[in-house]
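Asker:
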Amino acid sequence: RGYGQSGGRRESATIGDVADDLRAIVKWLNDRKDIDPKRIAVLGHGEGAWVALLAAARDKRIAGIVSIDAPATSGAELALEQQQHALDRLKASPADRAQKIELRKRIQAAVLSGKGWEGVPPELRKQVDTPWTQSVLSFDPARVIEDVRQPMLFVHAELDRQIPVSHVERLVRKASRNRSKW
24 RGYGQSGGRR ESATIGDVAD DLRAIVKWLN DRKDIDPKRI AVLGHGEGAW VALLAAARDK
84 RIAGIVSIDA PATSGAELAL EQQQHALDRL KASPADRAQK IELRKRIQAA VLSGKGWEGV
144 PPELRKQVDT PWTQSVLSFD PARVIEDVRQ PMLFVHAELD RQIPVSHVER LVRKASRNRS
204 KW
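Positions 24 to 205 (our numbering) are the ones given, in order, by the sequence shown.
Now the structure itself:
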């Protein structure tokens with residue numbers, strides 16, 4: 024979407040739109056005579072793993088999923104967690120830390136509700152007040168993974184600084200409920 028001659032506009036897409044794009048690719052592969060439709064798996068990294076999970080929840084033609092470094096929390100929780108880790112690494116003062124966290128929370132609330140943009144610089148609002156950001160902040164992989172029945176392989180780097188390994192552990196626990204291991 025929005026690349027090369029594919030059409031569409033990337034900046035107006037949501038996670039759901041990109042998952043539907045992935046489903047269209049799976050359909051195209053499924054319709055080919057030289058492809059075994061029972062062996063079509065999808066792979067996603069980071070937010071792309073969210074896309075793969077959502078596509079699989081919506082499309083049973085997907086035979087399996089490989090999830091690399093997928094966050095286990097909602098996008099809003101993840102953004103706050105990442106901001107807190109960044110401020111820790113920068114050794115931000117408590118006052119600076121509180122100010123930045125509060126601004127992040129206000130911006131996220133404004134993106135999700137459409138209200139409360141007062142005091143947010145217009146250039147910052149232009150960057151974050153998008154369908155993509157809204158869909159990322161509101162996306163919760165824990166809810167989606169309940170609808171995924173296909174085999175899943177989770178891959179995660181133990182020393183990942185963006186997404187701690189505790190995220191994949193939570194996803195594996197959630198995915199393991201009422202299903203066999205692959």
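The C-beta atom is built at its ideal place from N, Cα and C for all residues, glycine as well.
Return yes when the Cβ of P164 is within less than 8 Å of the Cβ of D76, no when it is not.
Answerer: Position 53 of the sequence shown, counted from the first residue, corresponds to residue 76. Position 141 of the sequence shown, counted from the first residue, corresponds to residue 164. In the sequence under discussion, the amino acid at residue 76 is Leu, which differs from the Asp named in the question. Contact: yes.
Asker: Do D92 and H108 come within 8 Å of each other at the CB atom, strictly closer than that value?
Answerer: By one-based count along the sequence shown, residue 108 stands at place 85. By one-based count along the sequence shown, residue 92 stands at place 69. No; because the gap between Cβ atoms is not below 8 Å, this pair is not in contact.
Asker: Which class does A207 belong to by DSSP, given the choice of helix, strand or coil?
Answerer: Only positions 24 to 205 of the chain appear in the structure, and residue 207 is not among them; the question remains open.
Asker: With DSSP as the reference, label G30 as helix, strand or coil.
Answerer: The count along the sequence shown starts at 1 and reaches residue 30 at position 7. Correct three-state label for G30: coil.
Asker: Could you say which of A180, E169, S158 lies nearest to A42 if we only look at CA atoms?
Answerer: Reading the sequence shown from its first residue, position 19 is the one you call residue 42. Per the Cα distances, S158.
Asker: Of the residues R112, S29, H190, S136, which one's Cα is nearest the Cα of I48?
Answerer: By 1-based counting over the sequence shown, the position of residue 48 is 25. The residue among R112, S29, H190, S136 with its C-alpha nearest the C-alpha of I48 is S29.
Asker: Taking buried to mean at least 16 other C-beta atoms within 10 Å of its own C-beta, is V188 buried or exposed?
Answerer: Locating residue 188 in the sequence shown gives position 165, where the first residue counts as 1. V188 is exposed by the Cβ-count criterion.
Asker: Note down the Cα distance separating A180 from R112, rounded to an integer number of angstroms.
Answerer: Position 157 of the sequence shown, counted from the start, is the residue given in the question as residue 180. Position 89 of the sequence shown, counted from the start, is the residue given in the question as residue 112. Each residue's alpha carbon lies about 19 Å from the other.
Asker: Please report how far the alpha carbon of V178 lies from the alpha carbon of P60, in whole angstroms.
Answerer: Locating residue 178 in the sequence shown gives position 155, where the first residue counts as 1. Locating residue 60 in the sequence shown gives position 37, where the first residue counts as 1. So the two alpha carbons sit approximately 24 Å from each other.
Asker: Whether or not the region 144 to 151 and the region 48 to 57 are in contact is what I'm after, with contact meaning three or more pairs of Cβ atoms, one per stretch, closer than 8 Å; do they touch?
Answerer: Inter-segment contact for the region 48 to 57 and the region 144 to 151 is absent: fewer than three beta-carbon pairs are separated by less than 8 Å.
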